[in-house]
Structure formats: structure tokens, C-alpha cells
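Since the structure comes first, as C-alpha cells, the remarks are kept for the end.
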Amino acid sequence: SPAPVIAAKQPYKVELKAGKRYSWCSCGHSKNQPFCDGTHKQLAPGLAPLRFTAEQDATAWLCGCKQTARPPFCDGTHKLDFVQQAEIPPPEPL
8 SPAPVIAAKQ PYKVELKAGK RYSWCSCGHS KNQPFCDGTH KQLAPGLAPL RFTAEQDATA
68 WLCGCKQTAR PPFCDGTHKL DFVQQAEIPP PEPL
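Numbering (my numbering), first residue to last: 8 to 101.
Here it is in C-alpha cells:
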């Protein structure tokens with residue numbers, strides 16, 4: 008399985024809605040961060056999104072570096088040097 012790429016050096020603040028299903032991007036290639044857009048099928052076969060249902064309406068910090076030990080949530084790993092010093096490809100123009 009390929010390793011995920013670092014999509015961002017900080018988490019994404021999102022408003023989760025109770026009962027709604029979400030697909031968190033685990034590969035780092037999605038153009039719809041922090042959520043899956045299916046790009047893993049071409050760029051990271053073997054990786055799949057983490058699907059979860061929000062238990063309540065809540066503000067959540069979803070991992071952007073894809074290195075968290077408690078996916079899909081941020082655990083602070085992005086503060087480590089290996090993430091902060093990583094090269095992140097610029098977003099492709101729309």
C-alpha cells in the first residue's frame with residue numbers, strides 16, 4: 008500500500024452534522040480536502056477513505072497531514088518537524 012501524502016500542515020476545521028456520513032481522505036491526494044474525491048483510485052490504489060457518521064452536530068478538527076494516530080481527527084502530529092518541513096505540492100489551478 009502506498010504511503011499517504013501530506014495534504015496540509017494543519018488540520019481542517021469542519022462543522023459536522025449529526026447522522027451525516029462522511030468520507031475522510033486518507034491518501035492526501037483529494038482536491039476536496041479533508042474529504043475523499045475518489046482520487047486514491049488512480050494515485051494511491053490500496054488506500055481508501057475512512058468513512059464515519061457524526062454522532063452529533065459538532066465542530067471538529069480533521070487531520071490534514073494524514074499522519075494522525077487517531078483518524079480522522081487531528082492529534083497534533085502536524086506540529087512535528089517531518090510534517091512542517093515537508094514539501095507540499097501547490098494546488099492545481101481550477
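Ideal placement from N, C-alpha and C gives every residue a C-beta, glycine not left out. Keep in mind the model is a prediction, meaning the values are calculated, not measured.
F103: which of P56, K73, P79, A65 sits nearest, CA to CA? Limits of the chain in this structure are 8 at one end and 101 at the other, which puts residue 103 out of reach.
Go ahead and pull the three-state DSSP assignment for L50. Walking along the sequence shown from the start, residue 50 turns up at place 43. It is helical.
Would you mind working out which of Q63, C70, R58, G26 sits nearest P41, comparing C-alpha positions? Against the sequence shown, residue 41 aligns to sequence position 34. Looking at the Cα atoms, C70 is the closest of the given residues.
Can you have a look at A14 and say buried or exposed, based on whether 16 or more other CB atoms are within 10 angstroms of its CB? Along the sequence shown, one-based indexing puts residue 14 at 7. The residue is buried, with at least 16 neighbouring Cβ atoms inside 10 Å.
Could you round the C-beta distance between C43 and V12 to whole angstroms and report it? I think they count as a contact, below 8 Å. For the purposes of this step, residue 43 is taken as the residue at position 36 of the sequence shown. For the purposes of this step, residue 12 is taken as the residue at position 5 of the sequence shown. Contact check for C43 and V12: beta-carbon distance about 14 Å, past the 8 Å limit, so the pair fails to qualify.
Quick check on K86: does DSSP put it in helix, strand or coil? Numbered from its first residue, the sequence shown carries residue 86 at position 79. K86 falls in the helix class under three-state DSSP.
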